[in-house]
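Asks: Attaching a single structure in structure tokens format; questions to follow.
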Amino acid sequence: EKTSDSNVLDILNMQKTEANQVFSKYVEKNYRDWVGGKAEDRPVMSPTLFRDKVFPQVKEGRPLFVLLIDNLRYDQWKAIQPRIEEFYRVDRDEIYYSILPTTTQYARNTIFSGLMPLEIENRHPRYWVPEEAEGSKNQFEGELLGEQLKRFGKSYKYSYNKVLNLETGRKLADNLSNLYQNDLNVIVYNFVDMLSHARTEMEIIRELADDEPAYRSLMLSWFEHSSLLDIIRQLSEKKIPLIITTDHGSVKVQDPVKIVGDRNTTTNLRYKSGRNLNYERREVFEVRNPAEIYLPKSNVSTSYVFCRNSDFFAYPNNYNYYVKYYRNTFQHGGISLEEMLVPVITLSAKA
């Protein structure tokens, strides 16, 4: 990021593009076995994140905090790491795999429930909000966490808090001591996801975060003045252990892929689900039977298609306008290193 040599940057970009192409093939080849539990060497994924990385860190008589920063890419973690290391020591800096689609509705509900989306819909239908329904698709995360704890026989005293705006963050920072008597405290911060959507929709944010180094810089600037840093500082003073993670990342999209669907097709630019989808099969990762990858379907003929690398879906209607509008924006939902390989960081307070 600090080099001004365009040749070095060109080589890096070429290597990243190649790596993403190989990664996409790897995911497409193995994904069904991973989520089906058939692969012995499957990686830690969204449904096993709490079981593998959080529960082993909960100790009796000592609170543990889990900060889930929505849409935090691994490079963004690296950008904020030096500031966090003023208060905390990094014990383990690891990566886990987000499930597909790499979106909040699917990945985050899966994290808190410890179940794949189709399993949530089957076991806890009241907590799964279908794609076509109005309103928030993540309004039952606290309840899903409670169900997961119950399923694993964990009688932890726990709390769940979601921060969607400045005021909620400040209030939480002011009342943090109320949570110290719990065994497990989960805090969801939505800022980075809002930033990526604002960057798509607001010209001034586009200019401020013109490329990936600028995007990291903007995120770091927010973090340094946020209530989140204040919360981390307070926790370090109490020597409280911390896990920082996320639900998925995002990728800067470049290349349009044409698709045709009916009006019930999902609006996401990196994946589509619906019936009668029309596309070039070689350009996408296609899942005709959603149950194979444990995804729900709204009707009998629903299928899912995912973009790879830096592709994004565009409809033939007003094609040139939409391509120009969405090219170079940060999107998520598909298959890329940036969206799927995301951080889970275990930290202990500095003495």
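The opening residue of the sequence shown carries number 14 in the numbering used here; numbering runs sequentially from there. In this text, a Cβ means the ideal position worked out from N, Cα and C, and glycines have one as well.
#1: Decide if the region 260 to 273 is in contact with the region 80 to 88; the criterion is three or more beta carbon pairs, one per stretch, under 8 Å apart.
#2: Runs of 3 residues minimum, wholly inside the region 119 to 150: which ones carry the beta strand (DSSP E) assignment?
#3: Measuring straight from C-alpha to C-alpha, what distance separates residue 254 and residue 352?
#4: Please return the same chain residues whose Cβ sits closer than 6 Å to the Cβ of residue 138, not counting the five positions on each side in sequence.
#5: In whole angstroms, give me the CA-to-CA distance for residue 179 and residue 232.
#6: Which residues in the same chain have their Cβ closer than 8 Å to the Cβ of residue 235, if we skip the five residues on either side of it in sequence?
#7: Does the region 58 to 65 come close enough to the region 125 to 141 to have 3 or more Cβ pairs within less than 8 Å?
#8: Rounded to the nearest angstrom, what separates residue 279 and residue 102 at their Cα positions?
#9: Within its chain, find whatever has a CB closer than 7 Å to the CB of residue 297; leave out the 5 residues flanking it on each side and keep chain order.
#10: Following the continuous beta strand (DSSP E) through residue 180, name the residue where it begins and the one where it ends.
#11: Which of the three DSSP states, helix, strand or coil, is assigned to residue 299?
#12: Based on the DSSP secondary-structure assignment, which residues constitute the bridge partners of residue 287?
#13: Give a single yes or no on whether residue 179 has its beta carbon closer than 8 Å to a heavy atom of the ligand SAH.
#14: Measuring CB to CB, does residue 71 end up less than 9 Å from residue 169?
#15: Can you look up residue 364 in the DSSP assignment and give me helix, strand or coil?
#16: Taking the straight line between their C-alpha atoms, what separation do you get for residue 36 and residue 74?
#17: In the structure shown, what three-state DSSP assignment does residue 257 receive?
#18: Going by C-alpha distance, which of 303, 336 and 132 is nearest residue 268?
#19: Helix, strand or coil for residue 107 per DSSP?
Replies: To lay it out plainly:
#1: Output reads yes: the region 80 to 88 touches the region 260 to 273.
#2: For the region 119 to 150, not a single whole beta strand (DSSP E) run of length 3 or above is found.
#3: Here residue 254 corresponds to residue number 241 of the sequence shown, with the count starting at 1. Here residue 352 corresponds to residue number 339 of the sequence shown, with the count starting at 1. The straight-line gap from Cα to Cα measures roughly 27 Å.
#4: Here residue 138 refers to the residue found at position 125 of the sequence shown. For residue 138, where only same-chain residues beyond five positions count, there are no Cβ hits under 6 Å.
#5: On the sequence shown, residue 179 is found 166 positions in, with the first residue counted as 1. On the sequence shown, residue 232 is found 219 positions in, with the first residue counted as 1. Spanning the alpha carbons of residue 179 and residue 232 requires a straight line of approximately 15 Å.
#6: Taking the sequence shown and counting its residues from 1, one reaches residue 235 at position 222. Taking residue 235 as the centre and dropping the five residues before and after it, the same chain places the C-beta of 204 and 208 closer than 8 Å to its C-beta, in chain order.
#7: Contact between the region 58 to 65 and the region 125 to 141 is established, with three or more Cβ pairs separated by less than 8 Å.
#8: By one-based count along the sequence shown, residue 279 stands at place 266. By one-based count along the sequence shown, residue 102 stands at place 89. For residue 279 and residue 102, the distance between alpha carbons rounds to 42 Å.
#9: Here residue 297 refers to the residue found at position 284 of the sequence shown. Cβ-Cβ distances below 7 Å link residue 297 to 270, 318, 319 and 320 in the same chain, with the five nearest sequence neighbours on each side left out; the list follows chain order.
#10: Indexing the sequence shown from 1 puts residue 180 at position 167. Segment 179 to 187 is the alpha helix (DSSP H) holding residue 180; no beta strand (DSSP E) there.
#11: Position 286 of the sequence shown, counted from the first residue, corresponds to residue 299. It is a strand residue.
#12: As a working note, residue 287 is residue 274 in the sequence shown. BP columns for residue 287 point to 316.
#13: Ligands displayed in this structure: none; no statement on the ligand SAH is therefore possible.
#14: As a first step, residue 71 is located in the sequence shown; it is residue number 58 there, counting from the start. As a first step, residue 169 is located in the sequence shown; it is residue number 156 there, counting from the start. Taking C-beta atoms as the reference points, residue 71 and residue 169 count as a pair closer than 9 Å.
#15: If you number the sequence shown from 1, residue 364 lands on position 351. It is coil, neither helix nor strand.
#16: For this step, residue 36 is matched to residue 23 along the sequence shown. For this step, residue 74 is matched to residue 61 along the sequence shown. Note on geometry: alpha-carbon atoms of residue 36 and residue 74 lie some 42 Å from one another.
#17: As a first step, residue 257 is located in the sequence shown; it is residue number 244 there, counting from the start. Look at residue 257 here: in three-state DSSP terms it is strand.
#18: Residue numbering aside, residue 268 sits at position 255 when the sequence shown is read from its first letter. Its Cα nearest to that of residue 268, the residue 336 stands out among 303, 336 and 132.
#19: Residue mapping note: residue 107 aligns to position 94 of the sequence shown, counting from 1. Three-state result, residue 107: strand.
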